[in-house]
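Here's the structure, in structure tokens; my notes come after.
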Amino acid sequence: MAPPNRNLALPSGEMSNDIVLGADGTVYVTETRGGGILRLRPGEKAFSTLYRDPQLAAPSGLEAAGIVLFDDRLMAVANFGTGKLYPPQL
């Protein structure tokens, strides 16, 4: 499968940090300011919020950072401020 070859804007006010591509072509992005994960499935025109958790947000506004996709249902997201990994309950 070829990687996506287009530019897309994130929802207003959101800031990405890390990105991972699923086997089916789904794009997952950490949303640093709000503490969540955005998702873009093949054929979709815009990102949607897949997951949001207060543990991934912080007053500084820079928290959700790295993301790892182990399979199509299991991932881990790092919190930049605490250094902890969180497994989102999808």
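Just so you know, the sequence shown maps onto residues 6 to 95 in the working numbering. Note that beta-carbon positions come from the ideal geometry of N, C-alpha and C, so glycine has one too. Since the model is a prediction, treat every value here as computed from it, not as a measurement.
Can you tell which of Leu74, Asp76, Pro93, Gln60 has the C-alpha that lies nearest to the C-alpha of Phe85?
Gln60
Does the separation of the CB atoms of Arg57 and Gly71 fall below 8 Å?
Cβ distance not < 8 Å, so Arg57 and Gly71 don't count as in contact.
What is the DSSP secondary structure of Leu26, reduced to helix, strand or coil? DSSP places Leu26 in the strand class (E or B) of the three-state scheme.
State the DSSP-derived secondary structure class of Leu61, mapped to helix, strand or coil. Assigned with DSSP and collapsed to three states, Leu61 falls in helix.
| query | Given that a residue counts as buried once 16 or more other Cβ atoms are within 10 Å of its Cβ, and exposed if not, what is Ala14? | reply | Here Ala14 is exposed, its C-beta having fewer than 16 other C-beta atoms within 10 Å.
*Would you mind working out which of Leu79, Tyr91, Ser21, Leu26 sits nearest Pro47, comparing C-alpha positions?*
Leu26
If you compare alpha carbons, which of Gly88, Asp29, Ser17, Leu90 is closest to Ile54? Rather than Ile, the amino acid found at residue 54 in this sequence is Thr. Looking only at Gly88, Asp29, Ser17, Leu90, the smallest Cα-Cα distance to Thr54 is reached by Ser17.
On a CA-only basis, which of Thr31, Thr35, Asn12, Gly30 is nearest Asp2? Give me that one, please. Since the first and last residues shown for the chain are 6 and 95, residue 2 lies out of range.
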